[in-house]
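Numbered per the numbering used here, the sequence shown spans residues 19 to 106.
Working notes, beginning with the structure itself.
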Amino acid sequence: MPILKAPPAQPKNETLQLRVSQDLKFRLMRYADFIHANASYVVTAALERLFGKDAEFQEFLASYKPPESGDHSGEEKTLYNSKNSPTK
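Given below as structure tokens:
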């Protein structure tokens, strides 16, 4: 039996590029400084908290069926074009 445990598997990360207001970027960077983290961590943690607290979104997510091909490349377009989602 090993003395040290293997590290947990790191989640597969993807790059996401988006536009935000200058004020939002300023506050994001200041918050990251405040908690001694980086902007990616703040955004990830905030979204995880948002998704976890939104019961209606949890219901939506539970009923979501991904494309049969397993290819999620068109998923962003599908989600943004839905009735209640913002448009690009």
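No residue lacks a Cβ here, since even glycine has one placed at the ideal position from N, Cα and C.
Nearest-angstrom Cα separation, counted from residue j out to residue i
i: A28; j: I21; result: In the sequence on display, residue 28 carries Gln and not Ala. Each residue's Cα considered, the two are about 21 Å apart.
i: E74; j: P84; result: 18 Å
i: I53; j: A24; result: 28 Å
i: D86; j: A64; result: Here the sequence assigns Glu to residue 86, which means Asp is not the residue at that position. Looking at the two C-alpha atoms, the distance is approximately 30 Å.
i: R67; j: M19; result: 37 Å
i: Y49; j: Q40; result: 14 Å
i: F78; j: F44; result: 32 Å
i: D51; j: L36; result: 21 Å
i: G70; j: V61; result: 14 Å
i: A55; j: D72; result: 25 Å
For residue i, the three-state DSSP class (helix, strand or coil)
i: T62; result: helix
i: S81; result: helix
i: M47; result: helix
i: L42; result: helix
i: E74; result: helix
i: L68; result: helix
C-beta contact flag for residue i and residue j at 8 Å
i: A57; j: L46; result: yes
Buried versus exposed call for residue i [16 or more other C-beta atoms within 10 Å across all chains shown]
i: V38; result: exposed
Any chain B beta carbon closer than 8 Å to residue i
i: L42; result: Although the question refers to chain B, the structure presented lacks it and comprises just one protein chain.
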